[in-house]
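Below you'll find the structure, written out as structure tokens, and then a few comments.
In my numbering, the protein residues as written are 9 to 234.
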């Protein structure tokens, strides 16, 4: 499919380039997945333990809960990604650190995207309850074909390319390919990824606060998820 179309256009050392792109894509995308799932599942754990209502009886404010969930997501992402990086180095001699300092930006941008998606998921859980819980595990897998993880945006159908470019992940992976294939830092894509993250985070935080206030007015915080 799209991966074959991309690799067919790479003239030099296709096998090495392809392996690097696939492994780099898997490792970076794992950061987004772990970030989103770490945030969403930590929130769900409060629901499953019937603790959400008790939390907001305390002086804890919603933005402090969000900050705590973000910290938990970073810890869970590190626990998942660091061993995977070591295995990629031991088993395949692939050192993702060869991307240089840009790697920090790539990981940061994908973790931020994970937060934005997780805020959207938790907003839907606050609105629809248990019916939306499955999104915590599935939503980023649905986004993967549009995020250009393993192939550039240019191989997508023209009508899909604007959709992909609206996602921070697409710019991160374009930057990753520039670093691996062309050994250059794609500053434009990095800037676009962080700018889009700021927009998505602001929009999803606004949605989360609206749904939180609505759930509190309805008295749904005590029985959400039932």
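Idealized CB from N, CA, C, for every residue including glycine.
{"Item": "Are any of the Cβ atoms in chain B nearer than 8 Å to that of residue 214?", "Value": "The displayed structure is made up of one protein chain only, and chain B is not part of it."}
{"Item": "With H, G and I counted as helix, E and B as strand and the rest as coil, what does DSSP make of residue 137?", "Value": "helix"}
{"Item": "Determine the contact status of residue 144 and residue 30, defining contact as a CB-CB distance below 8 Å.", "Value": "no"}
{"Item": "Using the C-alpha atoms, what's the distance from residue 150 back to residue 168?", "Value": "14 Å"}
{"Item": "Quick check on the burial criterion: 16 or more other C-beta atoms within 10 angstroms. Buried or exposed for residue 100?", "Value": "exposed"}
{"Item": "So, helix, strand or coil for residue 108, using DSSP?", "Value": "coil"}
{"Item": "Please state whether DSSP places residue 97 in a helix, a strand or coil.", "Value": "helix"}
{"Item": "For residue 38, which residues from the same chain have a beta carbon less than 7 Å from its beta carbon, with the 5 sequence-adjacent residues on both sides left out?", "Value": "88, 89, 92"}
{"Item": "At a cut of 8 Å, does the segment 47-61 reach the segment 125-136 through at least three beta carbon pairs?", "Value": "yes"}
{"Item": "Where does residue 66 fall in DSSP's three states?", "Value": "coil"}
{"Item": "Mind checking whether residue 36 and residue 184 have CB atoms under 8 Å apart?", "Value": "yes"}
{"Item": "With distance defined between alpha-carbon atoms, name the residue in 161, 107, 153 nearest to residue 190.", "Value": "107"}
{"Item": "Does DSSP put residue 91 in a helix, a strand or coil?", "Value": "helix"}
{"Item": "Confirm, please, whether the CB-CB distance from residue 163 to residue 33 is below 8 Å.", "Value": "no"}
{"Item": "Assign residue 28 to buried or exposed, taking buried as 16 or more other Cβ atoms, counted over all protein chains shown, within 10 Å of its Cβ.", "Value": "buried"}
{"Item": "Give the single residue among 117, 213, 126 whose Cα lies nearest to the Cα of residue 179.", "Value": "117"}
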